Amino acid sequence: MISDTSGPRTPRTRHEIAAAIARDIPAGSFVNLGIGQPTLVADHLAPGSGIVLHTENGMLGMGPAAHGDEIDPDLTNAGKIPVTELAGAAYFHQADSFAMMRGGHLDVCVLGAFQVSQHGDLANWDTGAPGSIPGVGGAMDLAIGAKQVFVMMTLFAKDGTPKLVPSCTYPLTGLACVSRVYTDVATFEVGDRGARLVEVFGTTRDELTTRLGLDLG
Amino acid sequence: MISDTSGPRTPRTRHEIAAAIARDIPAGSFVNLGIGQPTLVADHLAPGSGIVLHTENGMLGMGPAAHGDEIDPDLTNAGKIPVTELAGAAYFHQADSFAMMRGGHLDVCVLGAFQVSQHGDLANWDTGAPGSIPGVGGAMDLAIGAKQVFVMMTLFAKDGTPKLVPSCTYPLTGLACVSRVYTDVATFEVGDRGARLVEVFGTTRDELTTRLGLDLG
Amino acid sequence: MKVCDSAAEAVADVEDGATVLVGGFGMAGMPVALIDALIQQGATDLTVVSNNAGNGDTGLAALLARGRVRKVVCSFPRQADSWVFDGLFREGRIELELVPQGNLAERMRAAGAGIGAFFCPTGVGTPLAEGKETRVIDGRTYVLEMPIRGDVALIGAHRADRAGNLVYRKTARNFGPVMATAATTVVAQVSEVLDVGGLDPESIVTPSIYVDRVVVA
Amino acid sequence: MKVCDSAAEAVADVEDGATVLVGGFGMAGMPVALIDALIQQGATDLTVVSNNAGNGDTGLAALLARGRVRKVVCSFPRQADSWVFDGLFREGRIELELVPQGNLAERMRAAGAGIGAFFCPTGVGTPLAEGKETRVIDGRTYVLEMPIRGDVALIGAHRADRAGNLVYRKTARNFGPVMATAATTVVAQVSEVLDVGGLDPESIVTPSIYVDRVVVA
């Protein structure tokens, strides 16, 4: 376990976070990258790593985004963005795709989050704001399905409130499902024994402990 | 409803029973023919009837038994007899095959029986004899799956005991699942309101009422 | 199975109050011609089960805009271009049952497979499981989920044969094969209808037993 | 996924006491080379889940004859050539859990799909449902059935690619695709291994995520 907390002096960019996640995904893994920022992880997977991407709308072996003549309206990712097919790909229907996910066959899934609790509870589908129209998609299935769930997010919301929290206040997506949280200013492990700080970027353990109000292990 | 009970003077052969069943299967039906005698029904389906045969080991569009060079060990019916494939056939795995059956998508299934009760209970998998080794296969799934279950059997066992009974004494395959019983000496409807005699062959309503000990509607 | 001359003919008998399963994930696999025909046909007070709740002003969104839909059962209504649904929902003119995408697929699969209900790991501890029965099995908590059945399914497929066998194209496969098992009447919009025998029996995704009507559109 | 040089290598780590799912319906789809290798390998005290309980004196029957199997979970042990099982069973030297064929398939599918248990229409009111929980849902009675998981699945398929995608041949498909989802380690015996990209992504039946080892035999 890395526990060096005297890291670089500046926060990570989104691409740096994505690259860090990519490095932590074992070669040969089957991986689902959630809609939004987690899709950036694909750009940082090492060539030859043999990592196979699942998209829950019904495909294993998803390739990069499609451009120009490659665009095929029948071939999209879960974010409805046109993508490409790699050699060795396979298509399947929704019940089979979610059986694959919910049956625990995916090694890793990477999701965005509104909040993650120190014990790994995830809130990423609804802010509960009055008048908001909730949409859950496959988020709850992904949260409980993959062997490991990594979250990729900024550690603080725009108004400065922490998104790694003692206990989620937003509506939950899943209980005790997240194992790692990768943010701009730090990486954490979360779980039964609470949050543990793994690395910091442009901040310190003391500053984070104070701002988060959490024991960071 | 046919209720003529002054029928032919002789019992039906197995082929005559099979032909009678074939006549009662509507054109275009999807049908499963159980192992053993029910497979004879296939020989009597009218050409052009558009009836499609399902075999629970994973196929729709099963053709006649294979002979000579047609024999392919990868293509058998549920009785493990080599069969052929018709144009328009489709293969699927066991969970999909039984989902098709149990989901109520088959129009008719034809099964053999040890006993059928007047209310349509079926016993066709185990005589319960001491030392017997039970085997159920797909019998219980077929019994509850098809929209209509027809039974094809002799009306009396070799020792003369009736096989259409007030209530089954052999271990059950399914409850209230049979709608018609085709035998050598008579055809019956069975169900909520008990057994109703449809046709006799080489016997009479009175004789059957006496031998079966049933009100025959 | 009937090859219809027009989408209008294919949806002519959809009744007011019907539950209509509508295939597609975004626009991939969306049976646009069938939905347009349903708009013309005029059925109202519908319950629509679909992954999304309409995009832009056409297709499902147009059906909603005409006030024909009483209730939407879906996983992800809120999209960048879901203004029709958003408006109706905010005005309280449409009911929403939000269902995790995997549950949507599995609940329809259960309906098609004769499963009465199932214990599911998705959504445990979240607002979408509130009021539902839960059970701990082998140390894990599950929520009891019920089947979703349709009166009609409108799906998009790639090719059919004249028997009604279907194949799909890439991720446009999505909900089609599942919905085809879960509705009383199944209508498929395809790009081409081949003679019987024109599809590889090993590659058929939806066997003919599930399909009532196809139309080229 | 590993392409093994021999069946011996492919089954080298099967442990005493393991639950082994064995594909095939009769001889169609039976992974004979893998079973022979398992006999050589020597693992004992096994629970075997398979549709039948061995035919003749080879394959599964040979494994049983050597006393390696403590318990058989199957739908149809009793066949014309099942003398090995019959003898062991009559002598009380082997345990039998008799499961309707559709339940066998669906219970393994549940294991693979993350379903904790399901209410099933098959077997209601029969000896095979005795002692099991039942529930009336929408007026129909169902039996609660539990998942069947394997430590290892040994299956026969037609072709693999080097990623582990599988296709099957005709009714030899049977239990293979279901068992591949339900075991921790999945080993497939195939007739040929193609390069990645050699199988049509629309026609792959078992996606690579489910397959750990393939061997040509």
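Residue numbers (our numbering), protein chains in the order written: chain A, 11 to 227; chain B, 11 to 227; chain C, 8 to 224; chain D, 8 to 224.
We put the beta carbon where it would ideally sit given N, CA and C, even for glycine.
Since the model is a prediction, treat every value here as computed from it, not as a measurement.
**Asked** What first and last residue would you give for the beta strand (DSSP E) that runs through alanine 97/B?
**Response** To locate residue 97/B, count along the second sequence from 1; it is residue 87. Segment 93-101, the beta strand (DSSP E) holding alanine 97/B.
**Request:** Classify leucine 121/A as helix, strand or coil using the three-state DSSP reduction.
**Result:** As a position in the first sequence, residue 121/A is number 111, starting the count at 1. Three-state DSSP puts leucine 121/A in a strand.
**Message:** In the DSSP output, which residue or residues are listed as bridge partners for tyrosine 149/D?
**Reply:** Position 142 of the fourth sequence, counted from the first residue, corresponds to residue 149/D. Arg142/D.
**Message:** Can you tell me where the beta strand (DSSP E) holding methionine 163/A begins and where it ends?
**Reply:** Within the first sequence, residue 163/A is the residue found at index 153, counting from 1. Where methionine 163/A is concerned, there is no enclosing beta strand (DSSP E), given that its DSSP letter is neither H nor E.
**Prompt:** In three-state terms, what does DSSP make of alanine 76/B?
**Reply:** Taking the second sequence and counting its residues from 1, one reaches residue 76/B at position 66. Alanine 76/B falls in the coil class under three-state DSSP.
**Cβ shell of aspartate 151/A (< 6 Å), same chain only, five flanking positions each side left out** = By 1-based counting over the first sequence, the position of residue 151/A is 141. Excluding residues within five positions, the ones whose Cβ falls inside 6 Å are Phe108, Met111, Arg112.
**Asked** How is phenylalanine 125/D classed by DSSP in three states: helix, strand or coil?
**Response** On the fourth sequence, residue 125/D is found 118 positions in, with the first residue counted as 1. In the structure shown, phenylalanine 125/D sits in a strand (DSSP, three-state: E or B).
**Asked** Can you find a C-beta in chain C that's less than 8 Å from the C-beta of serine 130/B?
**Response** Your numbering for residue 130/B matches position 120 in the second sequence. For the sequence presented, residue 130/B should be read as glycine rather than serine. Chain C contact via Cβ: absent.
**Asked** Can you tell me the Cα-Cα spacing of lysine 9/D and leucine 116/A, whole angstroms?
**Response** In the fourth sequence, the residue the question calls residue 9/D occupies position 2. In the first sequence, the residue the question calls residue 116/A occupies position 106. Cα to Cα, the separation comes out at about 18 Å.
**Request:** Look at the alpha carbon of alanine 56/A and the alpha carbon of alanine 190/D, and state the distance between them as a whole number of angstroms.
**Result:** Walking along the first sequence from the start, residue 56/A turns up at place 46. Walking along the fourth sequence from the start, residue 190/D turns up at place 183. Whole-angstrom Cα-Cα distance: 29 Å.
**Message:** Distance cutoff 8 Å, beta carbons only. Does serine 82/D sit that close to anything in chain B?
**Reply:** Locating residue 82/D in the fourth sequence gives position 75, where the first residue counts as 1. By this cut-off, serine 82/D is an interface position.
**Prompt:** Once you ignore the five residues that flank leucine 226/D on each side, which residues in its own chain have a CB closer than 8 Å to its CB?
**Reply:** Outside the modelled stretch of chain D, which goes from 8 to 224, sits residue 226/D, for which no answer is possible.
**Prompt:** Do the region 48-64 of chain B and the region 127-139 of chain B meet, that is, are 3 or more Cβ pairs less than 8 Å apart?
**Reply:** no
**Request:** Figure out for me which residue from Gly68/A, Leu70/A, Asn87/A has the closest Cα to the Cα of alanine 76/A.
**Result:** Position 66 of the first sequence, counting from 1, holds the residue named residue 76/A. Closest by alpha carbon: Asn87/A.
**Residue(s) in a DSSP beta bridge with glutamate 66/A** = Sequence index remark: in the first sequence, residue 66/A carries index 56 (1-based). For glutamate 66/A, which the question treats as bridged, DSSP gives no partner whatsoever.
**Item:** Beta carbon proximity, serine 210/D to chain C, threshold 8 Å
**Value:** Here residue 210/D refers to the residue found at position 203 of the fourth sequence. Yes, its Cβ sits closer than 8 Å to a Cβ of chain C.
**Request:** Taking 8 Å as the threshold, find out whether the region 159-178 of chain D comes into contact with the region 215-222 of chain D through three or more Cβ pairs.
**Result:** yes
**Asked** Who are the Cβ neighbours of glycine 89/A in its own chain at under 6 Å, not counting the five residues just before and after it?
**Response** Along the first sequence, one-based indexing puts residue 89/A at 79. Answer for glycine 89/A: Ile45, listed in chain order.
**Request:** Starting from the C-beta of alanine 186/A, find all residues in its chain whose C-beta is less than 8 Å away, skip the five residues before and the five after it, and write them out in chain order.
**Result:** Taking the first sequence and counting its residues from 1, the one referred to as residue 186/A is at position 176. Here the set comprises His129, Gly130, Asp131, Gly201, Asp202.
**Message:** Suppose the cutoff is 7 Å on Cβ atoms and the five residues either side in sequence are ignored; what does the same chain contact list for glutamine 47/A look like?
**Reply:** The residue given as residue 47/A occupies position 37 in the first sequence. Arg24, Gly122, Met162.
**Element boundaries [alpha helix (DSSP H), containing aspartate 23/D]** = Your numbering for residue 23/D matches position 16 in the fourth sequence. Where aspartate 23/D is concerned, there is no enclosing alpha helix (DSSP H), given that its DSSP letter is neither H nor E.
**Message:** Quick check on the DSSP output: the alpha helix (DSSP H) that includes leucine 152/A runs from which residue to which?
**Reply:** In the first sequence, counting from the first residue as 1, residue 152/A sits at position 142. For leucine 152/A, the enclosing alpha helix (DSSP H) covers residues 149-155.
**Asked** Out of curiosity, what's the CA-to-CA distance linking leucine 70/A and isoleucine 122/D?
**Response** By 1-based counting over the first sequence, the position of residue 70/A is 60. By 1-based counting over the fourth sequence, the position of residue 122/D is 115. Approximately 21 Å between the Cα atoms of the pair.
**Request:** Spell out whether any CB of chain A is found under 8 Å from the CB atom of valine 56/C.
**Result:** Here the question's residue 56/C lines up with position 49 in the third sequence. Not an interface residue.
**Whole-angstrom distance between arginine 77/D and phenylalanine 96/D, CA atom to CA atom** = For the purposes of this step, residue 96/D is identified with residue 89 of the fourth sequence, where counting begins at 1. For the purposes of this step, residue 77/D is identified with residue 70 of the fourth sequence, where counting begins at 1. Spanning the two alpha carbons is a distance of roughly 11 Å.
**Prompt:** Using 8 Å as the Cβ pair cut-off and three pairs as the minimum, do the region 177-186 of chain D and the region 46-54 of chain D touch?
**Reply:** Counting Cβ pairs under 8 Å, fewer than three are found: no touch.
**Item:** Backbone secondary structure at valine 200/A - three-state DSSP
**Value:** Along the first sequence, one-based indexing puts residue 200/A at 190. DSSP places valine 200/A in coil when its eight states are reduced to three.
**Prompt:** Relative to the alpha-carbon of glycine 4/C, which residue among Gly130/C, Val203/C, Ser210/C, Gly157/C has its alpha-carbon at the smallest distance?
**Reply:** What is shown of chain C runs 8 to 224, which leaves residue 4/C out entirely.
**Prompt:** For valine 203/D, which residues of its own chain have a beta-carbon under 6 Å away from its beta-carbon, when the five flanking residues on both sides are left out?
**Reply:** As a position in the fourth sequence, residue 203/D is number 196, starting the count at 1. Contacts found: Asp168, Arg169, Ala170.
**Prompt:** Just the Cα atoms here: how many angstroms apart are glutamate 26/A and arginine 33/A?
**Reply:** Here residue 26/A is taken as the residue at index 16 of the first sequence, counted from 1. Here residue 33/A is taken as the residue at index 23 of the first sequence, counted from 1. When rounded, the distance between both Cα atoms is 11 Å.
**Item:** Where lysine 173/A falls: helix, strand or coil (DSSP)
**Value:** Mapped onto the first sequence, residue 173/A falls at position 163. Three-state DSSP puts lysine 173/A in coil, outside helix and strand.
**Request:** In the DSSP assignment, find the unbroken alpha helix (DSSP H) run with isoleucine 27/B in it and report its ends.
**Result:** Position 17 of the second sequence, counting from 1, holds the residue named residue 27/B. It spans 24-34 - the alpha helix (DSSP H) in which isoleucine 27/B sits, taken as one unbroken run.
**Request:** With a 10 Å radius around its C-beta and 16 neighbouring C-beta atoms as the bar for buried, classify methionine 11/B as buried or exposed.
**Result:** Position 1 of the second sequence holds residue 11/B. Low confidence applies here, because methionine 11/B scores a pLDDT of 40, under 50, leaving its location unreliable; read the following figure in that light. Methionine 11/B comes out exposed.
**Prompt:** Quick one: what's asparagine 42/B bridged to in DSSP?
**Reply:** Residue mapping note: residue 42/B aligns to position 32 of the second sequence, counting from 1. Its beta-bridge partners are His64/B, Cys119/B.
**Request:** Kindly indicate the opening and closing residues of the beta strand (DSSP E) around aspartate 12/C.
**Result:** Position 5 of the third sequence holds residue 12/C. Per DSSP, aspartate 12/C belongs to no beta strand (DSSP E) and is neither H nor E.
**Asked** Are there 16 or more other CB atoms within 10 angstroms of the CB of glutamine 47/C, so buried, or fewer, so exposed?
**Response** What you label residue 47/C is simply residue 40 of the third sequence in a count that begins at 1. Classification for glutamine 47/C: exposed.
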